[in-house]
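Below you'll find the structure, written out as structure tokens, and then a few comments.
Residue numbers (the working numbering): 11 to 159.
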């Protein structure tokens, strides 16, 4: 994406414009017109594996950094994709970074994650901590559960 911003767009271009141009570079339908690699998560980058869609929702599997840039470009970008553990790690049950990233985003007033998504993040990370014997930290995570009244 930086190549688009530095060399292909005018100096006054925004990050949103560079991101749109980068997306077009790897999303075109004709293989001969693709000149950029899609932003795969780090654990898939060197594997030679090309994953176009996520197993569950049919959404493309992209790196968390790409999702953060999309969120920067569009404040109402889907947080479910950004916080999906598979955009960060190969373990779909590893919610460590997803939960902490959600807490940072929430502190920055990105609050459009649905209650169900918040509940999944909290419960999954708490269960992960509890399974590691860190029940005190699991309680801390559960205390972040949205008010259920």
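Using N, Cα and C, we set each Cβ at its ideal position, and we do this for glycine too.
Span separating the alpha-carbon of residue i from that of residue j
i: residue 89; j: residue 123; result: 6 Å
i: residue 20; j: residue 153; result: 48 Å
i: residue 131; j: residue 115; result: 13 Å
i: residue 71; j: residue 84; result: 18 Å
i: residue 99; j: residue 49; result: 14 Å
i: residue 15; j: residue 96; result: 27 Å
Three-state secondary structure (DSSP) of residue i
i: residue 132; result: helix
i: residue 69; result: coil
i: residue 56; result: coil
i: residue 26; result: helix
Member of the options whose CA lies at the smallest distance from the CA of residue i
i: residue 162; options: 44, 134, 27, 157; result: No answer is possible for residue 162: it lies beyond the span of the chain, which begins at 11 and ends at 159.
i: residue 36; options: 44, 138, 22; result: 44
Residue environment, residue i, which counts as buried when at least 16 other CB atoms sit within 10 Å
i: residue 136; result: buried
Other residues of its chain near residue i: CB distance less than 6 Å, five sequence neighbours each side excluded
i: residue 53; result: 100
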